[in-house]
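Notes follow once the structure below has been shown.
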Amino acid sequence: MMSPMTDMESLNQTGQYPYKPSEECQMLQSKHLSMAALCAVAFIAALSPRLCHATLGEPEVSVQADVSQLRASIKSSEDRTVYRVHEIQLPSGTVLREFVAANGNVFAVAWSGPFMPNLRQAMGKYFDSYVAAPRTGISDRKHVQVALPDLVVQASGHTRSFAGRAYLPSAIPAGFNLGDLH
Amino acid sequence: MPANLRVIRTALGVALCLGVISCGGGGSYSPAPPAPPTGGNTVAVIVDEGPSNNSVNTLFTSVTVCVPGSTTSCQTIDHIQVDTGSYGLRVLSTVLSLTLPKQMAASGSPLVECTQFVDGYAWGPVELTDMTISGESAKSMPIQVIGDPNYTTVPSDCSSTGSAEDTVTTFGANGILGIGPFALNCPLCAMQVVPATYYSCATPSTCVGTVAAEDIQEPNPVTLFATDNNGVILDMPAVTSTGQLNVTGTLIFGIDTQSNNASGTQTVFNVNGNAEMTMTFDGQMLNQSFIDSGSNGIFFTSNISPCAGSLTSFYCPGSTLSLTVSLQGTNGTMINNVPFMIGNAQTMLTNNPTFNAFPTLGGTNPNAQSFDYGLPFFYGKRVAVAVENFKTTVGTGPYIAY
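Residue numbers (the numbering used here), protein chains in the order written: chain F, 1 to 182; chain V, 1001 to 1402.
Here's what the structure looks like:
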């Protein structure tokens, strides 16, 4: 078994990452999860144009449309040492997580739950590359792995239970542990 | 697999195909699998190269579909995948020669489904058929017809879940028979509109999401049988560790309903609402694990060397590994240290490019909480799958037992 690095190990490797959230997202600067979540909820309630939620490869603030188009709600937002996670609860029961680097760009999305999420919305301009990518000749319908130079997609599951992740290898923050990408 | 290997497999598959009665679509692609122990409640199942000529560890059977009420407007379709990880019968429109009546949504317009898979979706209308398999029949049963040429406008939220799997080649089968431990794919769809599931289509290109009452969804066909309706037993022979060309087994309908489907001394593993249980591998308790005839290998997180190239999601250890996994049902029953082996996927495919059954094929699993024990689990076992709320002499579904 691989032994996933803990956050503390990441921290030790990178030291205190000088996290500087983009101006538009300053209300989510709080290191306190509950405060951040409250802010997120307040954003949704106000339909603020500064809503912090985004699409793979795009700035954190660029896609306010995601939450409304997915008819979803932000369940929580959490600052980690070298990245930030927004957890979005879809009405279907599936949870979508978006990972934001210190530069404000979404470098990964992950999903888990009873239904597939809208991957075109979550993966943005990378969705078409994912769909067009060649698959292994012996694939079944329960697994997929796509590894392009600028995009990795890995997913598995079955009816009633799906899980997967998509990330941009070149945008992964230094010290980030792929084992945390779920 | 590497392009050259795939070419070899395809060429050999075509050669095998030409050697039999006929080839191509229309459900006449190869001879019927050999007849195993017969009975009114058994049907032969086979692992072979499949209609896409490159299947591995994929289990197929044949079903007969008829226009409801007719005994003459009927068609037998071979190479329907047997999947204990989904629910309902789905067939590709290109192999269906019958015209079946549409299932209507509550709106009065045709009901059309977007079936979700991990890597893509299947789009097509829900239609009604009388299905027969062995001596069992399900009358006026909703099924999905995938890739209907009249329904080419796929709603955006459906096509946004992945790649289209609407041809025999992309689907890898002429259809799929979902006979897992539940009655339906989507109970939630009967209560609310779930994106990318069911649609009401006033015209083939005017579809809106809809609720779909349970009785208009495609059910696990077993639950509609007059008797033998509480589940299935999949009885498969052991397979040589280096693989075999084909494997034939028996699918038995009903549990404890006939002399040939008694439970005996099986261990019963109840599963949760996602058909999942706990498996412990390498000291890790993985509570999203499942046993699934529709997975073509053994998939789990490990530091075993992955293969190179297009097989990168499969494992390629330097030598065949002997490992164990422990199984635990939601009812607490356990079997510890079930042995399994992981071979080098590249080597096994290269050494025997015509083989279709590989009991040691394993691969990575991006869900670190899941051990997906696919068709290799069934080799050499007699596995019962009991449907939710149905009783047998040893328990109540949903369960898996062996």
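Note that the Cβ used here is the ideal one computed from N, Cα and C, for glycine as well. Keep in mind that this is a model prediction, so the values were computed, not measured.
Chain-ordered neighbours of F/F162 on chain V, where CB pairs are closer than 8 Å: Q1116, V1118
Contacts that V/T1161 makes with chain A (C-beta to C-beta distance below 9 Å): Absent from the structure is chain A; the protein chains it does hold are F and V.
Whole beta strand (DSSP E) elements within the stretch 1123-1158 of chain V, 3-residue minimum: 1136-1146
Identity of the residues DSSP links to V/L1089 by a beta bridge: V/L1177
Opening and closing residue of the beta strand (DSSP E) in which F/R165 lies: Per DSSP, the unbroken beta strand (DSSP E) holding F/R165 starts and ends at 161-167.
Interface flag, F/V63 vs chain V, CB-CB below 9 Å: Note that F/V63 scores a pLDDT of 45, beneath 50, so its modelled location is shaky; the value from the coordinates is reported in the next line. No, because no Cβ of chain V sits closer than 9 Å to the Cβ of F/V63.
Of the residues V/S1241, V/L1177, V/T1267, the one placed nearest V/T1393, counting alpha carbons only: Ranking V/S1241, V/L1177, V/T1267 by Cα distance to V/T1393 puts V/T1267 first.
Three-state secondary structure (DSSP) of V/K1391: strand
V/G1088 and V/N1220 closer than 9 Å at C-beta: Yes, the Cβ-Cβ distance between V/G1088 and V/N1220 is below 9 Å.
Within the stretch 1317-1380 of chain V, ranges of the alpha helix (DSSP H) (whole runs, at least 4 residues): 1345-1351
Cutoff 9 Å: V/G1243 Cβ touching any chain F Cβ: no
Bridge partner(s) assigned by DSSP for V/S1200: V/L1111, V/V1208
Integer-rounded CB distance, given that V/N1246 should sit under 8 Å from V/N1356: Beta-carbon to beta-carbon, V/N1356 and V/N1246 are separated by about 6 Å, close enough to satisfy the 8 Å threshold.
Neighbouring residues, chain F, relative to V/E1276 (Cβ below 8 Å): S161
Three-pair Cβ contact test at 8 Å for the stretch 1315-1331 of chain V versus the stretch 1278-1292 of chain V: yes
Test: F/Q145 CB closer than 9 Å to a CB of chain V: yes
Local Cβ density within 10 Å of V/I1046, reported as buried at 16 or more and exposed below that: By the Cβ-count criterion, V/I1046 is buried, with 16 or more other Cβ atoms from all chains shown falling within 10 Å of its own Cβ.
Beta-carbon neighbours of V/G1363, restricted to chain F and to distances below 8 Å: H143
Alpha carbon of V/F1340 to alpha carbon of V/Y1151, nearest angstrom: 44 Å
Simplified DSSP assignment, three categories, for F/G179: helix
Inter-residue Cα distance where the pair is V/V1211 and V/R1090: 19 Å
Proximity of V/I1342 and V/Y1315 at Cβ, strictly below 9 Å: It is a contact, given that the beta carbons lie within the stated cut-off.
V/M1104 - partner residues in DSSP beta bridges: Note: V/M1104 sits in a beta bridge opposite V/P1110.
Below-9 Å beta-carbon distance, F/V135 vs any chain V residue: The displayed chain sequence assigns Arg, not Val, to residue 135 of chain F. With 9 Å as the cut-off, F/R135 counts as an interface residue toward chain V.
F/Q145 (DSSP reduced to helix, strand or coil): strand
Partner residues on chain F for V/P1110, Cβ-Cβ distance less than 7 Å: In chain order: nothing, as chain F lies at least about 22 Å away.
CA-to-CA distance, V/Q1103 to V/G1069, given in whole angstroms: 15 Å
Below-9 Å beta-carbon distance, F/H182 vs any chain V residue: It does; some Cβ of chain V falls within 9 Å.
Length of the line joining the Cα atoms of V/T1223 and V/V1385: 12 Å
Closer than 9 Å to chain V by CB, F/I172: no
Proximal chain V residues relative to F/Q154, where beta-carbon distance stays under 7 Å: P1366
Short-range partners of chain F found in the stretch 1077-1089 of chain V, where Cβ spacing is below 8 Å: Of all residues in the stretch 1077-1089 of chain V, G1085, S1086, Y1087 have a Cβ within less than 8 Å of some Cβ in chain F.
At least three beta-carbon pairs within less than 8 Å, the stretch 1286-1294 of chain V to the stretch 1358-1374 of chain V: yes
CB contact flag (F/P173, F/A122, <9 Å): The answer is no: Cβ separation not under 9 Å.
One or two residues paired with V/T1265 in a DSSP bridge: In the DSSP assignment, no residue is bridged to V/T1265.
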